[in-house]
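Engineer: Just dropping this structure here.
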């Protein structure tokens, strides 16, 4: 039941970029995300984004963590090769 | 040794002869010095009248007393003696330099080596001269974008290259060709077997499970070609803006053209870690009016800028609709598409949202000819903001080479040098992104009077021929003798 609601999410770790601009809050350690229920797929440390899977409860817990933004993965589709506009 | 009378290709680069520059001494002293130092027998140009070539002169070289310069055919050991004389403060010989071919400006120019603008990478095209030269038929180009002009492809280059000045306006050169700059193309991959990309792809990586980097779509190969296709493609028509940049190819869209934001983020992460200076993304998803940008794309773009990588992205093809994502991120340079009249293409998205939803610059994106996979015919024409984006990536690479700017400084330079267009910033941003060009010097080298034909008679359209009657031309000065 719970498994069916798992969704792909992107967790943006503010402050974790190569040298983030401004004065964002420091990024939490990855364990904090795991403890909140994120099943980490990839840690993209050059851009400070963690991708993974989480259910709705976990997403709520992740969103409560200071210094992170949780967004859903989106599909991208370009036109077929012979389309008039690409 | 080839000369200008050789049939076929106009010679370029060094002639094999040397030019000796003397201190301010009389002709007798200069000729004695050449004989004493290197056993070179010089004849005074005033004594021999007119001649067509050095081969006709019964001497090792000719001394031009008005210039204090001699042009000689020297053996290597003589060259060594001359070089030693340069270092000898008691010798009137002050310089020995290789002679280079010089041509009329409207047909050809060979200044690459002499200017030191770009000497690397010559093996790639086999050309000695790396400087792009204005074509003979560019009669109406000037400093500003001619908005009344309608661009068309020619057999030798695409209209887009002409519009962004990768084919420079007449009397200009475009000496910065993207050398040393790495452009990442995040798209449907690339046909690594396409002959035009041999040796051009530094690294490639697929982020699509189960699909290799090979481009089964054609979109990625087309975009890579526009950004960095070679100068002399097999198909004849040149289509690549920064032909000396190298490519990093990240396959973030499948052969059917689909991907996810996660795969795109992984591609950006890889491109930054691979040292991309420019990341070109001809992809995106639709955005509603009032919808903000995505935090993850913005964070990725900020990280890229901080690392010296500039992300350029297609505005989107939904017409009078907001700029899509990721182009709507404040730290992603959003690119609109122009047609052959430099008008915004009707499909090109516009700035309806603030906070990053602006259009930054515009570039050619209609009827763009470029490479496609060999299995799909090797070359093809496509339209879209996807095609405009790699034009800007190529412009960015050339500007990055010229200025050394990276990241935000490069972004500002692209916008600063963009040519304003009549349409609003909402549609075309700061205007047409263009390649840095340089105005040619009026005279790049002292005239070489024994080969006056190509210098004083620019009328011939065949660069391989010379017109012996050209010395009668009344509009230019005959050689002094």
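Residue numbers (our numbering), protein chains in the order written: chain A, 1 to 86; chain B, 87 to 567.
Every residue, glycine too, gets a C-beta built ideally from N, C-alpha and C.
Quick caveat, the model's predicted, so the values are computed rather than measured.
Counting only Cβ-Cβ distances shorter than 8 Å, please list the residues of the segment 460-478 of chain B near chain A, keeping chain order.
Structural biologist: Cβ contacts with chain A come from 462, 468, 469, 470, 472 and 473.
Engineer: Between the beta-carbon of residue 332 of chain B and the beta-carbon of residue 243 of chain B, is there less than 8 Å?
Structural biologist: Numbered from 1 along the second chain, position 246 holds the residue referred to as residue 332 of chain B. Numbered from 1 along the second chain, position 157 holds the residue referred to as residue 243 of chain B. The answer is no: Cβ separation not under 8 Å.
Engineer: Buried or exposed: residue 238 of chain B, going by 16 or more other Cβ atoms within 10 Å of its Cβ?
Structural biologist: Residue 238 of chain B sits at position 152 when you count from the first residue of the second chain. Exposed, by the Cβ-count rule.
Engineer: Would you please verify whether the beta carbon of residue 44 of chain A is less than 8 Å from any beta carbon of chain B?
Structural biologist: Within the first chain, the letter at position 44 stands for residue 44 of chain A. Yes - at least one Cβ of chain B is within 8 Å of the one on residue 44 of chain A.
Engineer: Between the segment 249-264 of chain B and the segment 461-470 of chain B, can you find at least three pairs of beta-carbon atoms closer than 8 Å?
Structural biologist: They do not touch, by the three-pair rule.
Engineer: I want to see whether chain A comes within less than 8 Å of residue 277 of chain B, judged by CB atoms only; does it?
Structural biologist: Position 191 of the second chain, counted from the first residue, corresponds to residue 277 of chain B. No, because no Cβ of chain A sits closer than 8 Å to the Cβ of residue 277 of chain B.
Engineer: With distance defined between alpha-carbon atoms, name the residue in A:50, A:79, A:86 and A:70 nearest to residue 59 of chain A.
Structural biologist: Start at 1 with the first residue of the first chain, and residue 59 of chain A comes out as number 59. Among A:50, A:79, A:86 and A:70, the Cα nearest to that of residue 59 of chain A belongs to A:70.
Engineer: Go ahead and pull the three-state DSSP assignment for residue 489 of chain B.
Structural biologist: As a first step, residue 489 of chain B must be located in the second chain, where it is residue number 403. Residue 489 of chain B: helix per DSSP, three-state reduction.
Engineer: Return helix, strand or coil for residue 201 of chain B, following the three-state DSSP convention.
Structural biologist: Within the second chain, numbered from 1, the residue matching residue 201 of chain B stands at position 115. Unreliable positioning characterises residue 201 of chain B in this predicted model, as indicated by a pLDDT of 34, which lies under 50. The coordinate reading is nonetheless provided below. Helix at residue 201 of chain B.
Engineer: Three or more beta-carbon pairs under 8 Å between the segment 474-488 of chain B and the segment 341-348 of chain B, yes or no?
Structural biologist: Flag = no, the segment 474-488 of chain B and the segment 341-348 of chain B do not touch.
Engineer: Determine which residues of the segment 48-61 of chain A have a Cβ less than 8 Å from any Cβ of chain B, and write them out in chain order.
Structural biologist: Cβ contacts with chain B come from 48, 49 and 51.
Engineer: Would DSSP call residue 335 of chain B helix, strand or coil?
Structural biologist: As a working mapping, residue 335 of chain B is identified with position 249 in the second chain. Residue 335 of chain B: strand per DSSP, three-state reduction.
Engineer: Rank B:312, B:125, B:181 and B:163 by C-alpha distance to the C-alpha of residue 109 of chain B and give the top, closest one.
Structural biologist: Counted from its first residue, the second chain places residue 109 of chain B at position 23. The candidate whose alpha carbon is nearest that of residue 109 of chain B is B:181.
Engineer: Which of the three DSSP states is assigned to residue 73 of chain A in this structure?
Structural biologist: The count along the first chain starts at 1 and reaches residue 73 of chain A at position 73. Note: residue 73 of chain A maps to coil in three-state DSSP.
Engineer: Considering only DSSP beta bridges, list what residue 104 of chain B is partnered with.
Structural biologist: Here residue 104 of chain B corresponds to residue number 18 of the second chain, with the count starting at 1. In the DSSP output, where bridge partners are listed per residue, residue 104 of chain B has B:158 and B:184.
Engineer: Using the C-alpha atoms, what's the distance from residue 367 of chain B back to residue 474 of chain B?
Structural biologist: The residue labelled residue 474 of chain B in the question sits at position 388 within the second chain. The residue labelled residue 367 of chain B in the question sits at position 281 within the second chain. Residue 474 of chain B and residue 367 of chain B: Cα-Cα distance of roughly 11 Å.
Engineer: Could you check what DSSP says for residue 68 of chain A in three-state terms: helix, strand or coil?
Structural biologist: Numbered from 1 along the first chain, position 68 holds the residue referred to as residue 68 of chain A. In this structure, residue 68 of chain A counts as strand in the three-state DSSP scheme.
Engineer: Determine, for residue 385 of chain B, whether the minimum Cβ-Cβ distance to residues of chain A falls below 8 Å.
Structural biologist: Looking up residue 385 of chain B in the second chain gives position 299. Interface residue, yes.
Engineer: For a contact meaning CB atoms closer than 9 Å, what does residue 345 of chain B contact in chain A?
Structural biologist: If you number the second chain from 1, residue 345 of chain B lands on position 259. Result: 75, 76, 77 and 78.
Engineer: So with CB distances below 9 Å, who are the chain A contacts of residue 370 of chain B?
Structural biologist: Taking the second chain and counting its residues from 1, the one referred to as residue 370 of chain B is at position 284. Near residue 370 of chain B (Cβ distances below 9 Å), the residues of chain A are 76 and 78.
Engineer: First and last residue of the alpha helix (DSSP H) that includes residue 259 of chain B?
Structural biologist: For this step, residue 259 of chain B is matched to residue 173 along the second chain. No alpha helix (DSSP H) holds residue 259 of chain B; the beta strand (DSSP E) holding it covers 258-260.
Engineer: Just to confirm before moving on: does the CB-CB distance between residue 449 of chain B and residue 362 of chain B stay below 8 Å?
Structural biologist: As a first step, residue 449 of chain B is located in the second chain; it is residue number 363 there, counting from the start. As a first step, residue 362 of chain B is located in the second chain; it is residue number 276 there, counting from the start. No. Outside cutoff.
Engineer: With 8 Å as the limit, tell me which residues of the segment 28-43 of chain A have their beta carbon closer than that to any beta carbon of chain B; keep them in chain order.
Structural biologist: Answer set for the segment 28-43 of chain A: 41 and 42.
Engineer: According to a CB-to-CB cut-off of less than 7 Å, which residues of the segment 271-304 of chain B neighbour chain A?
Structural biologist: The segment 271-304 of chain B vs chain A, Cβ under 7 Å: 303 and 304.
Engineer: Pop quiz: residue 38 of chain A and residue 52 of chain A are said to be a contact at Cβ under 8 Å. What is the actual Cβ separation, rounded to whole angstroms?
Structural biologist: On the first chain, residue 38 of chain A is found 38 positions in, with the first residue counted as 1. On the first chain, residue 52 of chain A is found 52 positions in, with the first residue counted as 1. With 8 Å as the limit, residue 38 of chain A and residue 52 of chain A qualify as a contact, their Cβ atoms being about 5 Å apart.
Engineer: Using only the alpha-carbon positions, how far apart do residue 176 of chain B and residue 122 of chain B sit?
Structural biologist: As a working mapping, residue 176 of chain B is identified with position 90 in the second chain. As a working mapping, residue 122 of chain B is identified with position 36 in the second chain. For residue 176 of chain B and residue 122 of chain B, the distance between alpha carbons rounds to 13 Å.
Engineer: Quick one: list the residues of chain B neighbouring residue 8 of chain A, beta-carbon separation under 8 Å, in chain order.
Structural biologist: Locating residue 8 of chain A in the first chain gives position 8, where the first residue counts as 1. Correct list: 346 and 348.
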